[in-house]
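Remarks on the structure that follows.
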Amino acid sequence: QPVKLTLAYKIPKRLGEQLLHVTLKDGSGKRIERKVLKASGAGEIEVQFDVPKDLQGNQASFAAFIGAEFAKNLQHLSSKPIGIK
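Take the sequence shown: its position 49, counting from 1, is numbered 49 in full-length UniProt numbering, and each next residue is one higher.
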């Protein structure tokens, strides 16, 4: 089943365009899918994932970070697990 996330961002002009990594995880925190988008300035970006029907633990969580790679990320956000019906 599809799920859509809307992420608001505000990236200082001096940093220019940045990579925005958004990850769908299962109930145990294992990565299912990652999408990498580009963002600059301020705004909102929509990301859509297809959640597997046989998702482990019937829960999903999402994580996002801005930067070229996780070790050098500018900001990292993670959701708590969300129940899937």
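Built from N, CA and C at the ideal position, the CB exists for glycine as well.
Fair warning: this is a prediction, and the values are worked out from it, not measured in the lab.
Cβ neighbours of residue i in the same chain (closer than 6 Å, five flanking residues each side left out)
{"i": "G57", "result": "G27"}
Residues of its chain near residue i, where Cβ-Cβ distance is below 8 Å and the 5 sequence neighbours each way are ignored
{"i": "G43", "result": "A8, Y9"}
{"i": "I45", "result": "T6, L7, Y9, L20, L37, A39"}
Boundaries of the beta strand (DSSP E) in which residue i is found, first to last residue
{"i": "E33", "result": "31–39"}
{"i": "P2", "result": "2–10"}
{"i": "G43", "result": "42–50"}
Member of the options whose CA lies at the smallest distance from the CA of residue i
{"i": "G41", "options": "Q1, L20, R31", "result": "L20"}
{"i": "G67", "options": "A39, P81, S78", "result": "A39"}
Contacting residues, own chain, Cβ-Cβ under 7 Å from residue i (five flanking each side not counted)
{"i": "I84", "result": "V51, L55, N58, Q59, A60"}
{"i": "S78", "result": "S61, A63"}
Rounded C-alpha distance that separates residue i from residue j
{"i": "A63", "j": "V47", "result": "12 Å"}
9 Å Cβ cutoff, residue i in contact with chain D
{"i": "K35", "result": "Of the protein chains in the structure, only one exists, and it is not chain D."}
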